[in-house]
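To start, the structure under review is shown below, and the notes come after it.
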Amino acid sequence: MIAGIVARNAELAAMGGVRVLVPPGDDMALVELAGRRVLCAADQVIEHRHWDAGTPLELVARKALARNVSDIAAMAGVPSCALATAAFAADAREADAEAIAEGFRRAGREFRCPVVGGDVGMHAAAGAPLVISVSVLAEPGPSGRVVTRAGAHPGDLLCVTGRLGNAWGAAGTGRHLSFVPRTAEALELVRILGDRLHAMIDISDGLAVDARHLAQSSGCSVEVDAAALPCAQGAAWQSALGAGEDYELAFACEGMPPAEACGTPVTVVGRFIDRQPPWVTAIVDGTRLDAGNLGWEHGLPERAP
Ligand SMILES: [Mg+2]
Numbered sequence: 000m001i002a003g004i005v006a007r008n009a010e011l012a013a014m015g016g017v018r019v020l021v022p023p024g025d026d027m028a029l030v031e032l033a034g035r036r037v038l039c040a041a042d043q044v045i046e047h048r049h050w051d052a053g054t055p056l057e058l059v060a061r062k063a064l065a066r067n068v069s070d071i072a073a074m075a076g077v078p079s080c081a082l083a084t085a086a087f088a089a090d091a092r093e094a095d096a097e098a099i100a101e102g103f104r105r106a107g108r109e110f111r112c113p114v115v116g117g118d119v120g121m122h123a124a125a126g127a128p129l130v131i132s133v134s135v136l137a138e139p140g141p142s143g144r145v146v147t148r149a150g151a152h153p154g155d156l157l158c159v160t161g162r163l164g165n166a167w168g169a170a171g172t173g174r175h176l177s178f179v180p181r182t183a184e185a186l187e188l189v190r191i192l193g194d195r196l197h198a199m200i201d202i203s204d205g206l207a208v209d210a211r212h213l214a215q216s217s218g219c220s221v222e223v224d225a226a227a228l229p230c231a232q233g234a235a236w237q238s239a240l241g242a243g244e245d246y247e248l249a250f251a252c253e254g255m256p257p258a259e260a261c262g263t264p265v266t267v268v269g270r271f272i273d274r275q276p277p278w279v280t281a282i283v284d285g286t287r288l289d290a291g292n293l294g295w296e297h298g299l300p301e302r303a304p
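For the sequence shown, numbering that gives the first Met the number 0 begins at 0 and goes up steadily by one.
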């Protein structure tokens, strides 16, 4: 649907004096505005889909902002500010709005990305799901480099930061509520790797799906070694590859990456190869499996894992 919106509005962008340098379809759009390059993106979280009932709303607000800041990390950007909207059920309590406001205040300070405006609305119905939408603005980092999903070459290594899998946790109380977006690590990778860093994405839908995004955007395929996956505690390789909500970075790198970035471990988990179906292959005990459809894609009927 996003592609359709872009196609219908592409010719209108110039009316606002905006040049679209990277259109939506990457983690963020990059536009040139009054001579400056600005990264912008919007993302939303929906009750029962992105958090379980009973989750403190301060943490929900934090997650709503954090996953947007994770998209900034994916582009190697530096957060500027955010806007937020919330659509409450008709029977929502005042305390709910206050919890969300406080969650945004704390998260804005933590991520150096203050929420500077927005809107609050009410559903007509009692019990309607809470929906929180956040838009973020960011600037390129000190090097001026913006890293997109396109640019991986056959022979590049597929690398990830941190640990993967089991992010939803027991009863929905796992890392997806507490992760720290990898903005510092992304800038460090740009600094260390320079032009050897070819493409990057953050892992929201699961490594299999997000590696497929890297591969498809770059016109490559990618092989993932299941045995190399840095599994989080309690996570099997299937969860590390497909469960999603990790908000780590996955990137294509020419030659070996550093062992860590800003203290966060970096692991080589696969390799890009010439384009050939399938897009993503998992190598499990010497057997090759089509892994491109593992993982969570928002918009499907299933809830996040
Ligand atoms: Mg993303």
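Backbone N, C-alpha and C fix where the C-beta goes; we use that ideal spot for every residue, glycine too.
Any non-hydrogen atom of ligand 1 within 7 angstroms of A73 CB: At least one heavy atom of ligand 1 is nearer than 7 angstroms to the Cβ of A73, so yes.
Outcome for P139 when other beta-carbon atoms lying within 10 angstroms are tallied against a minimum of 16: Using a 10 angstroms sphere on the CB of P139, the tally of other CB atoms reaches 16 or more, which defines it as buried.
Nearest candidate by alpha-carbon position, reference L29, set R144, F87 and A258: Comparing Cα positions, the closest option is R144.
Straight-line gap, A98 to V59 (C-alpha atoms, nearest Å): Cα-Cα distance, rounded: 9 angstroms.
Beta-carbon contacts of M14 that lie in its chain and below 6 angstroms, excluding the five residues immediately before and after: Excluding sequence neighbours, M14 sits near nothing in its chain.
First through last residue of the beta strand (DSSP E) which encompasses Q43: Segment R35 to I45, the beta strand (DSSP E) holding Q43.
Candidates L288, H197, D26 and L38, of which the one nearest P256 by Cα: For the options L288, H197, D26 and L38, the alpha carbon positioned closest to that of P256 is the one of H197.
Check: D245 C-beta below 7 angstroms from any heavy atom of ligand 3: Absence of ligand 3 from the depicted structure is noted, with ligand 1 being the only ligands included.
Under the three-state DSSP convention, the category L82 falls into: In the structure shown, L82 falls within a strand segment according to DSSP collapsed to helix, strand and coil.
Coarse secondary structure for E31, derived from DSSP in three states: Note: E31 maps to strand in three-state DSSP.
Range covered by the beta strand (DSSP E) that runs through G269: Its beta strand (DSSP E) spans residues T263 to I272.
Any non-hydrogen atom of ligand 1 within 7 angstroms of S203 CB: S203 Cβ: within cutoff of ligand 1.
Distance between P264 and P22 (C-alpha atoms, nearest Å): Here the alpha carbon of P22 sits roughly 31 angstroms from the alpha carbon of P264.
When L38, C219, A88 and A207 are compared against A228, the one with the closest alpha-carbon: At residue 228 the sequence reads Leu, which differs from the Ala that was named. Ranked by how close their Cα comes to the Cα of L228, the residues L38, C219, A88 and A207 have A207 in first place.
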